[in-house]
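The structure appears right after this line, and notes come after that.
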C-alpha cells in the first residue's frame, strides 16, 4: 500500500475541493490509489445525497440556451437549497450546461436521461458527475425540475431578482435583441397564451360569465348585455395574450406589432416561475 502522505492528501483535496479529512479517509480506504480514492469519494457523496434527498430545494434558477441563429433552444429548471448557491458561478454554469445539452444533444424526456449525457463545458464528464461533484463540495441537494426544448430559433430570458422566472420563446426571423425584449416583457406581464385562440375555453367562459353578471348588476338592458360582454372580453385578451398585450417598452404598440416591426414571428413560449408547476 502506498504511503498516505500529507502532500498526497493535499493534492487530492486541491483536485476535488473536498475536506482534508474526507480525502485522507478516501485514500486510506483505497490503499493510496488516487483514482480509486476519487471513486470512493463519489460513491460516498452519492450515499449522503440519497440520505438528504428529501430536503427542500426552494431556490435555484433557469438555465437557458437560445439564439435566433440557432436551430434549437431549451430551458431547464435547476433547484438548490440556498440563495448563495443559486447565485454561484458553478451553479449558473451547470444550469446553462443542462440547457445547452438538452438543446444541442439527442434530447431527453427525463432529468435522468439528461444527466447521463456529456457536460458541454467539462469534456470527459457527464452532467451527473459534475452535479455529484458539486454536491460533494457544497453538500446541498440539487434537483433538475422542468425542462423544455423547442426545435427552432429562440429568444430567452431568466429573471433572478425577487421572483425567479424563466422564459423561452420560439421565433421566426427577427434578431436576438428583439427576441430578448419580448421575453423580458413576458416575464414582467405574465401572459397565459400567445394568442386568444390558445386560451382554455373554460377560462374564457368563466370570464364571460363574470362580465355578464357585472353588466346585469350595473342595470344594463338584457338585450345588449351579450354584445357588451364580447366588447369587454377584448380587454381580457389584451391582458392575457402575449401578442395583444401593450409592449412594455412602448405602450402605444402591441407585442405583435413590435415583433412585426422587427421582422419577427412569434410562434410559442413557456413562462415558468421557480418551483411552481
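In the working numbering, the protein residues as written are 263 to 539.
Yeah, the Cβ is synthetic: ideal placement off N, Cα and C, and Gly gets one too.
Cβ contact annotation for residue 366 (same chain, cutoff 8 Å, sequence separation greater than five): 327, 334, 382, in chain order.
Annotated three-state conformation of residue 498 is helix, per DSSP. Closest in C-alpha terms to residue 294, from the list 323, 441, 268, comes 268. With contacts defined by Cβ atoms closer than 8 Å, residue 410 and residue 430 form a contacting pair.
The continuous alpha helix (DSSP H) containing residue 347 extends over residues 345-348.
The residues 417, 418, 419, in chain order, have a CB closer than 8 Å to that of residue 442 in the same chain once the five nearest residues on each side in sequence are set aside. Per DSSP, the unbroken beta strand (DSSP E) holding residue 535 starts and ends at 526-535. Residue range 389-400 is occupied by the alpha helix (DSSP H) that includes residue 398. Taking a contact to require three or more Cβ pairs closer than 8 Å, the stretch 500-509 and the stretch 447-465 qualify as touching.
For residue 318, the three-state secondary structure derived from DSSP is coil.
Secondary structure note for residue 290: its alpha helix (DSSP H) is the uninterrupted segment 282-291. Ranked by Cα distance from residue 404, the options 377, 385, 292 are led by 377. Bounds of any alpha helix (DSSP H) do not take in residue 336; it lies within the beta strand (DSSP E) bounded by 335-342. Annotation for residue 406: the continuous beta strand (DSSP E) segment containing it runs 405-412.
Inter-residue distance for residue 375 and residue 324 is about 18 Å (C-alpha atoms, whole angstroms). Per DSSP, reduced to three states, the secondary structure at residue 328 is coil, with no helix or strand assignment. Across the structure, residue 496 and residue 469 are spaced so that their CA atoms are roughly 11 Å apart. Residue 499 and residue 512 have their C-alpha atoms spaced approximately 18 Å apart. In the structure shown, the three-state DSSP call for residue 371 is coil. With a cutoff of 8 Å on beta-carbon distance, residue 330 and residue 361 are scored as not near each other. Linking residue 444 to residue 352 through their CA atoms gives a straight-line distance of about 28 Å. From the listed residues 396, 296, 484, the smallest Cα separation to residue 343 is found for 396. Shown here for residue 373: same chain residues with a beta carbon closer than 6 Å to its own, the five before and five after excluded, namely 406 in chain order. In the structure shown, residue 493 falls within a helical segment according to DSSP collapsed to helix, strand and coil. Listed in chain order, the non-local C-beta contacts of residue 265 below 8 Å within the same chain comprise 294, local neighbours out to five positions each way being set aside.
Here the alpha carbons of residue 275 and residue 391 stand approximately 17 Å from one another. By the criterion of a C-beta distance shorter than 7 Å, residue 516 is surrounded in its chain by 505, 506, 507, 508, 509, once the five residues flanking it on both sides are discounted.
In this structure, the beta-carbon distance from residue 297 to residue 289 does not fall below 8 Å.
Of the residues assessed, residue 402 falls on the buried side of the cut-off, its CB having 16 or more other CB atoms within 10 angstroms.
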